[in-house]
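Visitor: Residue numbers (our numbering), protein chains in the order written: chain A, 185 to 354; chain B, 73 to 356.
1. Residue 257 of chain A versus chain B: which residues are under 7 Å apart at the beta carbon?
2. Check whether the segment 306-323 of chain B touches the segment 213-233 of chain B, taking contact to mean three or more Cβ pairs, one atom from each stretch, closer than 8 Å.
3. If you draw a straight line from the alpha carbon of residue 296 of chain A to that of residue 320 of chain A, how long is it in whole angstroms?
4. Tell me which same chain residues have a C-beta within less than 6 Å of the C-beta of residue 261 of chain A, skipping the five on either side of it?
5. Alpha carbon to alpha carbon, how far is residue 237 of chain B from residue 150 of chain A? Give it in angstroms, no decimals.
6. May I have a chain-ordered list of the beta strand (DSSP E) segments no shorter than 3 residues that lie completely inside the segment 239-296 of chain A?
7. Is DSSP giving residue 341 of chain B helix, strand or coil here?
8. To the nearest angstrom, how far is it from the Cα of residue 155 of chain B to the Cα of residue 270 of chain A?
9. Could you tell me the distance, in whole angstroms, from the CA atom of residue 255 of chain B to the CA atom of residue 142 of chain B?
10. Quick one: any contact between the segment 111-129 of chain B and the segment 247-258 of chain A, if contact means 3 or more CB pairs under 8 Å?
11. Using C-beta distances below 8 Å, list every residue in its chain close to residue 116 of chain B, excluding the 5 sequence neighbours before and after it, in chain order.
12. Hey, residue 84 of chain B and residue 234 of chain A are a contact pair by Cβ (cut 8 Å); roughly how many whole angstroms apart?
13. Residue 231 of chain B by DSSP, collapsed to three states: which one?
14. Going by beta carbon distance, what residues of the same chain come within less than 8 Å of residue 80 of chain B, once the five residues before and after it are set aside?
15. Assuming residue 260 of chain B contacts residue 329 of chain B (C-beta within less than 8 Å), just tell me the rounded distance between them.
16. So which of B/290, B/291, B/271 has the shortest CA-CA distance to residue 297 of chain B?
17. Quick check: is the beta carbon of residue 280 of chain B nearer than 9 Å to any beta carbon in chain A?
18. Can you find a C-beta in chain B that's less than 9 Å from the C-beta of residue 237 of chain A?
19. To the nearest angstrom, how far is the alpha carbon of residue 313 of chain A from that of residue 94 of chain B?
20. Residue 162 of chain B by DSSP, collapsed to three states: which one?
21. Under DSSP, the alpha helix (DSSP H) around residue 86 of chain B begins and ends at which residues?
22. Whose C-alpha, out of A/281, A/335, A/259, is nearest the C-alpha of residue 98 of chain B?
23. Am I right that residue 288 of chain A and residue 338 of chain A are in contact with their C-beta atoms under 8 Å? What's the rounded C-beta distance?
24. Under the rule that 16 or more other beta-carbon atoms within 10 Å means buried, what is residue 250 of chain B, buried or exposed?
25. Assuming contact is defined by CB atoms lying nearer than 9 Å, are residue 228 of chain A and residue 236 of chain A in contact in what I supplied?
26. Evaluate residue 245 of chain B with the Cβ neighbour count: other Cβ atoms within 10 Å of its Cβ, from every protein chain shown; 16 or more gives buried, anything less gives exposed.
27. Quick one, which of A/328, A/245, A/200, A/317 has its alpha-carbon nearest residue 282 of chain A's?
28. Less than 9 Å between CB atoms is the rule here; does residue 299 of chain A satisfy it with respect to chain B?
29. With 9 Å set as the bound, which would you pick, yes or no: does the beta-carbon of residue 267 of chain A sit closer than that to a beta-carbon of chain B?
30. Are the beta-carbon atoms of residue 164 of chain B and residue 337 of chain B separated by less than 9 Å?
31. Below 8 Å on C-beta distance, what does residue 319 of chain A contact in chain B?
32. Please name the residue in A/225, A/193, A/310, A/238 whose C-alpha comes closest to that of residue 272 of chain A.
33. Give me the chain A residues within the contact set of residue 203 of chain B, using Cβ-Cβ distance strictly less than 8 Å, ordered along the chain.
34. Identify every residue that forms a DSSP beta bridge with residue 317 of chain B.
35. Could you check whether residue 118 of chain B and residue 64 of chain B sit closer than 9 Å to each other, using their CB atoms as the reference points?
36. Measuring only the C-alpha atoms, how far is residue 331 of chain B from residue 301 of chain A?
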């Protein structure tokens with residue numbers, strides 16, 4: 185197994201375990217942080233577009249397995265989001281935490297909005313404004329707050345060649 | 073699939089296209105397969121595999137939930153306590169008169185040999201898993217087929233209806249909450265006997281749909297299962313009417329309902345494992 189494939193497997197398995205053990209208990213007003221997305225973006229920023237796409241695909245498979253929505257919807261959305269996040273890898277100063285966390289916020293907004301849109305297309309979506317205000321925006325905000333805390337540590341685990349500044353060290 | 077560092081950094085549109093196509097194929101298969109299709113069976117297997125992780129999460133977070141519950145309980149103000157005392161007194165009075173009516177009802181039933189509604193056997197279960205994403209209203213319980221749980225069985229809490237068993241593995245099951253946007257329960261308004269359907273939504277609010285405008289409910293009316301449809305037995309409390317709005321030209325009024333069950337805090341439930349078809353039994 186190559187280093188990148190190992191990172192993908194490690195990041196995604198760690199994320200799904202944390203999502204099941206702790207993530208589902210961190211619910212605030214029905215909103216749950218998306219730890220699988222944080223892992224996908226971290227892998228994408230560490231290893232590039234293709235690794236991001238594969239990480240997103242693997243994370244999507246697991247999200248669909250533990251969820252109860254239409255199977256394949258998370259796979260599709262997470263694959264695209266992982267690929268796009270990875271395309272920023274070359275142009276992003278990823279040693280800091282602010283830029284990656286901004287990418288998590290953007291990726292989360294994109295992922296939740298796309299997923300909601302896809303559910304609408306598949307006939308199981310909700311009204312647009314209620315979906316946006318009650319799910320998309322709160323989930324993106326909550327995931328970003330969690331990413332601020334966990335990104336430096338997850339990133340250190342997955343990117344051995346470069347160190348990442350934590351909040352405490354800045 | 074072997075991923076070389078140089079390839080992955082550069083990005084491969086072909087790889088993205090392949091993964092997107094695979095995702096679309098999987099989605100298509102999911103909508104076309106039956107209830108025992110491979111993807112649904114994979115989900116059931118994943119449910120069984122996730123049980124130890126959910127049990128660990130439940131154990132780890134139990135003290136934090138207890139602290140949260142303690143502080144939530146401290147929020148009751150003096151006026152709320154006074155209101156509850158008043159309601160308690162009123163309810164005790166009503167209970168006495170209802171007991172009188174119940175006994176009279178029993179006597180009349182015996183006189184006309186009217187069939188008693190079936191009693192339902194129930195099984196207690198602990199909630200060990202909560203929704204893993206905000207799009208679904210599903211909780212996981214620690215009972216499965218080994219305990220007699222089957223897909224479709226109604227799930228209750230002390231305060232009223234919780235939902236319906238969705239997927240079952242040997243020792244674990246997933247319950248779709250009534251607040252889930254794909255949930256629908258056939259109900260009737262207790263005071264007016266108007267029938268309708270209580271639906272969940274993306275923001276976990278309940279609405280009462282398809283109520284005839286001529287039998288408009290009022291705020292505070294109790295909504296119970298109607299027994300129509302064959303899933304939920306008749307007479308289980310679903311919630312209380314919180315708001316009623318009727319615009320000119322609307323075919324049906326907009327009616328909001330609030331469940332009495334604290335869905336986010338629920339720790340134990342009862343699964344009705346008896347037959348759900350009775351003399352007046354059923355649900356949607």
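We put the CB at the ideal spot given by N, CA and C, even for glycine.
If you're wondering where the values come from, they're calculated on a predicted model, not measured in any experiment.
Guide: According to the structure data:
1. As a first step, residue 257 of chain A must be located in the first chain, where it is residue number 73. Those within 7 Å of residue 257 of chain A in chain B are 99.
2. yes
3. On the first chain, position 112 is the one that residue 296 of chain A refers to. On the first chain, position 136 is the one that residue 320 of chain A refers to. So the two alpha carbons sit approximately 5 Å from each other.
4. Walking along the first chain from the start, residue 261 of chain A turns up at place 77. Within the same chain, residue 261 of chain A has close Cβ partners 295, 298, 299.
5. What is shown of chain A runs 185 to 354, which leaves residue 150 of chain A out entirely.
6. none
7. Counting from 1 along the second chain, the entry for residue 341 of chain B is found at position 269. Strand.
8. Your numbering for residue 155 of chain B matches position 83 in the second chain. Your numbering for residue 270 of chain A matches position 86 in the first chain. Spanning the two alpha carbons is a distance of roughly 58 Å.
9. If you number the second chain from 1, residue 255 of chain B lands on position 183. If you number the second chain from 1, residue 142 of chain B lands on position 70. Approximately 31 Å between the Cα atoms of the pair.
10. yes
11. Along the second chain, read from residue 1 onward, the residue named residue 116 of chain B stands at position 44. 239, 240, 241.
12. Here residue 84 of chain B refers to the residue found at position 12 of the second chain. Here residue 234 of chain A refers to the residue found at position 50 of the first chain. Confirmed, about 5 Å.
13. Your numbering for residue 231 of chain B matches position 159 in the second chain. Note: residue 231 of chain B maps to coil in three-state DSSP.
14. Taking the second chain and counting its residues from 1, one reaches residue 80 of chain B at position 8. For residue 80 of chain B, the predicted model reports a pLDDT of 49, less than 50, meaning its position is unreliable; a value from the coordinates is still stated below. Excluding positions up to five away in sequence, the list is empty.
15. The count along the second chain starts at 1 and reaches residue 260 of chain B at position 188. The count along the second chain starts at 1 and reaches residue 329 of chain B at position 257. 12 Å between Cβ atoms; not a contact.
16. Residue mapping note: residue 297 of chain B aligns to position 225 of the second chain, counting from 1. Among B/290, B/291, B/271, the Cα nearest to that of residue 297 of chain B is on B/271.
17. What you label residue 280 of chain B is simply residue 208 of the second chain in a count that begins at 1. Answer no: the Cβ-Cβ gap between residue 280 of chain B and chain A never drops below 9 Å.
18. Taking the first chain and counting its residues from 1, one reaches residue 237 of chain A at position 53. Interface residue, yes.
19. Here residue 313 of chain A corresponds to residue number 129 of the first chain, with the count starting at 1. Here residue 94 of chain B corresponds to residue number 22 of the second chain, with the count starting at 1. Residue 313 of chain A and residue 94 of chain B: Cα-Cα distance of roughly 31 Å.
20. Position 90 of the second chain, counting from 1, holds the residue named residue 162 of chain B. It is helical.
21. Translated into the one-based positions of the second chain, residue 86 of chain B becomes position 14. That run of the alpha helix (DSSP H) goes 85-104.
22. For the purposes of this step, residue 98 of chain B is taken as the residue at position 26 of the second chain. Nearest C-alpha to residue 98 of chain B: A/259.
23. What you label residue 288 of chain A is simply residue 104 of the first chain in a count that begins at 1. What you label residue 338 of chain A is simply residue 154 of the first chain in a count that begins at 1. Their Cβ separation, rounded to whole angstroms, is 11 Å, which puts residue 288 of chain A and residue 338 of chain A out of contact at 8 Å.
24. Looking up residue 250 of chain B in the second chain gives position 178. The residue is buried, with at least 16 neighbouring Cβ atoms inside 10 Å.
25. As a working note, residue 228 of chain A is residue 44 in the first chain. As a working note, residue 236 of chain A is residue 52 in the first chain. Yes.
26. Along the second chain, one-based indexing puts residue 245 of chain B at 173. Classification for residue 245 of chain B: buried.
27. Here the question's residue 282 of chain A lines up with position 98 in the first chain. Among A/328, A/245, A/200, A/317, the Cα nearest to that of residue 282 of chain A belongs to A/328.
28. Position 115 of the first chain, counted from the first residue, corresponds to residue 299 of chain A. Chain B, which has a Cβ nearer than 9 Å to the Cβ of residue 299 of chain A, makes this yes.
29. Within the first chain, the letter at position 83 stands for residue 267 of chain A. Answer yes: the Cβ-Cβ gap between residue 267 of chain A and chain B drops below 9 Å somewhere.
30. Counting from 1 along the second chain, the entry for residue 164 of chain B is found at position 92. Counting from 1 along the second chain, the entry for residue 337 of chain B is found at position 265. Not in contact: residue 164 of chain B and residue 337 of chain B (Cβ atoms no closer than 9 Å).
31. Residue 319 of chain A sits at position 135 when you count from the first residue of the first chain. Within chain B, the residues near residue 319 of chain A are 206, 207, 274, 275.
32. Taking the first chain and counting its residues from 1, the one referred to as residue 272 of chain A is at position 88. Checked all of A/225, A/193, A/310, A/238; the closest Cα to residue 272 of chain A is A/225.
33. Working through the second chain from its first residue, we reach residue 203 of chain B at position 131. The contacting residues are 208, 211, 214, 216.
34. Translated into positions along the second chain, residue 317 of chain B becomes position 245. According to DSSP, which records beta bridges pairwise, residue 317 of chain B is partnered with B/326.
35. Coverage of chain B is limited to positions 73 through 356, which leaves residue 64 of chain B absent and any answer about it impossible.
36. Position 259 of the second chain holds residue 331 of chain B. Position 117 of the first chain holds residue 301 of chain A. The alpha-carbon atoms of residue 331 of chain B and residue 301 of chain A are separated by roughly 28 Å.
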